[in-house]
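Here the structure comes first, spelled out in structure tokens, and everything after it is commentary.
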Amino acid sequence: MDIEEVIKSSRPIEDQYHRTYLNIVYSGIWLEQSTIDPLKQRGLSHPQYNVLRIVKGYKAPMTVASIQQRMLYQTSNVTRIIDKLVDKGLLSKESSDTDRRVVLVNITSVGLEKLKELHELIYGSVKRIVGKNLSVDETMLLGNLLDKMRS
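If you read the sequence shown in my numbering, its first letter stands for residue 4, the second for the next number, and so on.
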């Protein structure tokens, strides 16, 4: 479906940069929406899922600042997100041995299991949605073009 149809524009969008901008924003929201229900059904939000993925990927305890720098959405409430994940038993926090002001965050075994379960659901859903109309080569090309745009 063309972006003009999606936004119910009565005429074509002439400026291709603007058309591409709208397409990227809409497509990002559209993909994100496809993952809201599986997360919500498991008591998590996108930012919480993002924090779990970041901490798991680092493979060592992380500072709150390090987590915030890696987040897809740079938010000021990272501490609150982490606290909620600690309350759910998915993350743990401890003070640094070298600097008591620094809090180190790590993923728990429960968090690893939850992330494994979610990974299969989220990426399976995304793969089905993206793969429905794009080949692997087209998907790689799209990813490379988006990387190039941001560089």
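Positions of the beta carbon are idealized from the N, C-alpha and C atoms, including for glycine.
**Prompt:** In whole angstroms, what is the alpha-carbon distance linking valine 106 and glutamate 35?
**Reply:** Whole-angstrom Cα-Cα distance: 30 Å.
**Request:** Please find out if some non-hydrogen atom of the ligand FMN comes closer than 7 Å to the beta-carbon of leucine 55.
**Result:** Ligands displayed in this structure: none; no statement on the ligand FMN is therefore possible.
**Asked** Ends of the beta strand (DSSP E) at leucine 94?
**Response** Where leucine 94 is concerned, the enclosing beta strand (DSSP E) stretches over 94-98.
**Message:** On the CB-based measure, 16 or more other CB atoms within 10 Å of its CB, does lysine 117 come out buried or exposed?
**Reply:** When all chains shown are included, lysine 117 counts as buried.
**Request:** My understanding is that isoleucine 39 touches valine 58, with C-beta atoms under 8 Å, so please give their C-beta distance in whole angstroms.
**Result:** That pair is no contact at about 21 Å.
**Asked** Would you report the Cα separation of threonine 78 and methionine 4, rounded to the nearest angstrom?
**Response** Taking C-alpha positions only, threonine 78 is separated from methionine 4 by approximately 33 Å.
**Limits of the unbroken beta strand (DSSP E) element including isoleucine 110** = Run containing isoleucine 110: 106-110, per the beta strand (DSSP E) assignment.
**Asked** Buried or exposed: where does isoleucine 27 fall if 16 or more other Cβ atoms within 10 Å of its Cβ makes it buried?
**Response** So isoleucine 27 ends up on the exposed side.
**Message:** For proline 2 and serine 95, what's the separation of their Cα atoms in angstroms?
**Reply:** Residue 2 lies beyond the range of the chain shown here (4 to 154); nothing can be said about it.
**Request:** Return the chain-ordered ranges of every alpha helix (DSSP H) run that is complete within the stretch 39-75 and spans a minimum of 4 residues.
**Result:** Segments of the alpha helix (DSSP H) lying fully in the stretch 39-75: 39-44, 49-61 and 67-73.
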